[in-house]
Amino acid sequence: MSELPTPAQTVGPFYGYALPFPGGPQIAPAGHPGTLTVHGRVYDGEGAPVPDALLEIWQPGPDGSRSGAPGSMRRDPATGGHAGRDGVVFTGFGRIATDADGNWAVRTLPPGDLPYLSVCVFARGLLHHLFTRIYLPGPETDGDPLLASLAPERRATLLAAEHGPRTLRFDIRLQGPGETVFLDFP
Amino acid sequence: MTAKRSPRTADPAAGGVEPRHPARQPERQHTGMTPTQQEISAEIAARRAAYLGAGEVRHHPPRDYPPYRGSALRHPREPLVAVHDPEAAELSGPVFGATDVTELDADLTLGHTGEPIGERITVTGRVLDRDGRPVRGQLVEIWQANAAGRYAHQHDRHPAPLDPHFTGTGRCLTDDQGRYRFTTVRPGAYPWPNHTNAWRPAHIHFSLFGTAFTQRLVTQLYFPGDPLLGYDPILQSVTDDAARARLVAAYDHELSVPAWSLGYRWDIVLDGPAATWTEEDR
Ligand SMILES: [Fe+2]
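In order, the protein sequences belong to chains A and B. Residue 20 in numbering that gives the first Met the number 0 sits at position 21 of the first sequence, with consecutive numbering throughout. Residue 174 in numbering that gives the first Met the number 0 sits at position 175 of the second sequence, with consecutive numbering throughout.
Okay, here's the thing in structure tokens:
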């Protein structure tokens, strides 16, 4: 370690015209029959929805590959606008701004060798982003050592709940009762 | 009757004035009076003294920082859970490429039918990891207010003019030395509702990716000599003096282009571990 890190600062309230991009929540190739919808809401310490949070998802591909791929935010070189994803490549990356009700949704394919999606949370009022994980139902989740190290009520905050066909629910509580487990990578 | 532009301090009971920037106060109002700058500055000083007294170096702001009122309900109370798993997915991360940016994206003064108002600047520097290795080919995104201190965001109701020739978003990929470079205009300071007479110093928001998701960084660049730096609870949330100084760019006369633009240099170091891959693996 020879360099000292640049400190984090809040994303603030006005990232909305800069960071979200068309197709940000659509990680799965268009129309893929294995598409899984994960959705939920972000809440603050008084249980109010957070309308200005930004979530990023990172995950291995369905084949287990962790190399990712360019093309999450393809641009149109003619207009300078967004061209959207090509609908074929699996980039492993998604970005979703919560709506005015604090809701978000992502459509993706389950990762090949891991039972979770990695999440990075940004928000106005949050000075330094937070990491968490969305664990998908299945035997790998049942045997996960990180989950096993948590008290049951804490563990529950990392488990996505079945919420219809190929649909899971995952809420994020920044503070207070049911506070989501957030992770540190020292 | 001519609608009169109202500064933030206008009496909201007065007729004919704009609403008091509702979107800049989206959180519910908490009990108590709006604090004064003096009260906020005293809280900032107390937090800094407590930090110095604790004697432990901390590079990032605490998420619980009361002088920044917006942090009150948006920080976890439970400690973070440390992950030591060498197989963690977060030790890898997203990648971007030539399809994700256009050449014009790094010049925020382009893309409109005319030149934006303001002092034209270039901002450049290197993105490194904590071992000093350049972060190559990664995405850097920026956004900022215009020269008058107004964002091209419809929730920004600060009664300063929008500039039809400036949007204020840019992106680029770092080169083989980890360098990024943007051309833009110097943003203006703007008021915000944290306390009475609260003003954000001029700043540019930066978003950076490293070689691992753990290295993700969103931060803000500040300008040297800005008299507002000491009053701002968001910058001052970084209680370590040296760490805070790392958020302030350096004016670099060598980067200034004669009869064209002023140059600022700002190097960025991404925190967090990455998978112990060699370059060949990437
Ligand atoms: Fe800002």
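Just so it is clear, CB atoms sit at the ideal spot from N, CA and C, and this is done for glycine as well.
Nearest to B/S91 by alpha-carbon distance, out of A/F89, A/A77 and A/S117, is A/S117. At a cut-off of 8 Å, the C-beta of A/Q8 has a neighbouring C-beta in chain B.
The beta carbon of B/F212 sits closer than 8 Å to some beta carbon of chain A. Judged by DSSP secondary structure, A/R94 falls outside any alpha helix (DSSP H) and instead within the beta strand (DSSP E) spanning F92 to A96. Looking at the DSSP output, B/R180 shares a beta bridge with B/T123.
Here the C-alpha atom of A/P109 lies approximately 8 Å from the C-alpha atom of A/T34. At a Cβ-Cβ threshold of 8 Å, B/P200 and B/L161 do not count as neighbours. Close to chain A, meaning a Cβ-Cβ distance shorter than 7 Å, are the following residues of the stretch 38–60 of chain B: H58, H59 and P60.
DSSP places B/I203 in the uninterrupted beta strand (DSSP E) bounded by H202 to L207. A/E152 places its beta carbon 8 Å or farther from that of A/P136. Inter-residue distance for A/Y16 and B/R47 is about 34 Å (C-alpha atoms, whole angstroms). In the structure shown, B/I43 adopts helical secondary structure according to DSSP, grouped into three states.
When C-beta distances to chain A are compared with 9 Å, the residues of the stretch 79–95 of chain B below that value are L79, V80, A81, V82, H83, D84, E86, A87, A88, E89, L90, S91, G92, P93, V94 and F95, in chain order. For the stretch 210–238 of chain B, the set of residues with a beta-carbon nearer than 7 Å to any beta-carbon of chain A comprises F212, T213, R215, L216, V217, T218, Q219, I233, S236 and V237, in chain order. Looking from the CA of B/V94, the closest CA among B/D240, B/Q214, B/G54 and B/G117 belongs to B/Q214.
Per DSSP, the beta-bridge partners of B/W198 are B/P190.
Nearest neighbour of A/S64 by Cα position, chosen from A/G79, A/V88 and A/P48, turns out to be A/V88. With respect to A/F121, A/F181 sits apart: the two C-beta atoms are not nearer than 8 Å. Ranking B/F205, B/N193, B/F212 and B/R243 by CA distance to the CA of B/T35 puts B/N193 first. The stretch 157–176 of chain A makes contact with the stretch 24–38 of chain A; the number of CB pairs closer than 8 Å reaches 3 or more. Taken in chain order, the complete beta strand (DSSP E) segments of 3 or more residues contained in the stretch 135–177 of chain B are 138–142 and 168–172.
In this structure, ligand 1 has a non-hydrogen atom nearer than 7 Å to the beta-carbon of B/R199. A/W57 places its beta carbon less than 8 Å from that of A/G91. As a beta-bridge residue in DSSP terms, A/P48 pairs with A/Y42.
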